[in-house]
Amino acid sequence: MEQRKPELEHKKRVIVKIGSSSLNYSGTGNLNFTKLEHLVRELCNLRNRGMDICLVSSGAIAVGRQTLGMKERPNDISTRQACAAVGQARLMMIYQKLFAEYNQVAGQVLMTKNTMVNPVSRENARNTFEELFRLGAIPIVNENDTVSTYEMQFGDNDTLSAIVTSLVGADLLILLSDIDGLFTDDPHQNPDAQLIRVVEQLDGEIYRMAKSSTGSDVGSGGMATKLTAAKIATLSGADMIIANGEDVCILHHIFDDTFRGTVFLAQKKESFRIEDFILETLG
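Residue numbers for the sequence shown follow this note's numbering, beginning at 14 and rising by one.
Written as structure tokens, this is what we have:
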């Protein structure tokens, strides 16, 4: 299973996904500004190395809830959408300020499932990404929670980041999670659980390991969504990495090949079409 590794230093277009649990303090739900600043610095440094960089960032509803003084996450859709409207603006304001400190331009891209299944919208989105990359900007992507309903949702940002990877033809997707990678078993329950360093093929054995190790991931996505992301990314021709986002400085360690995590190797399938996958799998 650990036979070959990709040459990460030669990657040209990289998608980085970070979740709410990696951006917020667990006790208060407030943003961790130190971690945000370090994340932005890492992304700018990758951009300085000549890579096209795109960030898929969670956190809009959490930021909006805190801004509006709500102690608990709302259950009804309209309140969550209101929180997203407030939080998305606040989150982008913070990102813009931090990126500006490194003389880097960032742009916001909000997507729904309809963006991908509608041919015109999909092509428009692809063109927008390409122009942002050409101009040297870093797109910051999130699901458009303000307007999306259940029928229009991707469901989680692991999947969304893989869809963006496929859409823009990226050659690497990095999922910064709250776990080191894919284990043979739940490492919280089994001290003998081993980290799988390289996955060459997504098969039944890998899916069984993911099911048994799901409890080790306390994020909302879970390991199942990460394997869905791996399937989309690898079939689209990109490698994918799951790494622990506790220290976002792991990003430069990834490209120095001194990191701990799981690498899923690309298995490009020419017949794979992301829009068909969304319709058939995500509904």
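Where a beta carbon is used, it is the ideal one built from N, C-alpha and C, also for glycine.
List the residues that DSSP assigns as beta-bridge partners of residue i.
| i | result |
| --- | --- |
| Phe285 | None, per the DSSP bridge assignment. |
| Arg26 | Asp65 |
| Ala242 | Ala242 pairs with nothing; no bridge assigned. |
| Ile255 | Leu188, Thr275 |
| Thr121 | The identity of residue 121 in the sequence shown is Gln, whereas the question assumes Thr. DSSP lists Ile153 as partners of Gln121. |
| Val211 | Val276 |
| Ile267 | DSSP lists no partner for Ile267. |
| Phe196 | Leu208 |
| Ile31 | Ser70, Leu189 |
Would residue i and residue j qualify as a contact pair, given that the criterion is a beta-carbon distance under 8 Å?
| i | j | result |
| --- | --- | --- |
| Ser91 | Ser33 | no |
| Ala279 | Ala256 | no |
| Thr80 | Gly100 | yes |
| Gly82 | Cys96 | no |
| Ile31 | Leu240 | no |
| Val261 | Glu55 | yes |
| Val69 | Val160 | no |
| Ile291 | Leu186 | no |
| Ile192 | Leu21 | no |
| Arg103 | Ile74 | no |
| Ala183 | Arg26 | yes |
| Thr238 | Asp158 | no |
| Thr275 | Arg210 | yes |
| Ala246 | Ala175 | yes |
| Glu156 | Leu173 | yes |
| Tyr115 | Cys57 | yes |
| Leu11 | Lys126 | The structure shown does not extend to residue 11, since the chain is modelled only from 14 through 296, so no value can be given for it. |
Between residue i and residue j, which are expected to be in contact by the criterion C-beta below 8 Å, what is the C-beta distance as a whole number of angstroms?
| i | j | result |
| --- | --- | --- |
| Ile66 | Gly120 | The pair is not a contact, with the Cβ atoms about 12 Å apart (cut-off 8 Å). |
| Phe142 | Val181 | 5 Å |
| Glu288 | Met124 | No, Glu288 and Met124 are not in contact; Cβ-Cβ is about 13 Å, not under 8 Å. |
| Ser249 | Phe285 | 6 Å |
| Asp171 | Ala113 | Actually they do not touch by this definition, with Cβ atoms about 29 Å apart. |
| Leu208 | Lys244 | Not quite, the Cβ-Cβ distance comes to about 20 Å (not below 8 Å), so this is no contact. |
| Leu264 | Leu36 | No, Leu264 and Leu36 are not in contact; Cβ-Cβ is about 14 Å, not under 8 Å. |
| Leu49 | Leu111 | 6 Å |
Is any heavy atom in the ligand COA found nearer than 7 Å to the beta carbon of residue i?
| i | result |
| --- | --- |
| Ile192 | This structure does not include the ligand COA; it has no bound ligands of any sort. |
Are the segment 127 to 147 and the segment 189 to 201 touching by the rule of at least three beta carbon pairs closer than 8 Å?
At 8 Å Cβ cutoff, the stretches do not touch.
Inside the segment 145 to 191 only - beta strand (DSSP E) runs reaching at least 3 residues
Within the segment 145 to 191, the complete beta strand (DSSP E) segments at least 3 residues long are 151 to 156, 185 to 190, listed from N- to C-terminus.
Let me know the alpha helix (DSSP H) ranges lying completely inside the segment 34 to 93, each 4 residues or longer, listed in chain order.
The segment 34 to 93 contains these whole alpha helix (DSSP H) runs: 46 to 61, 73 to 80.
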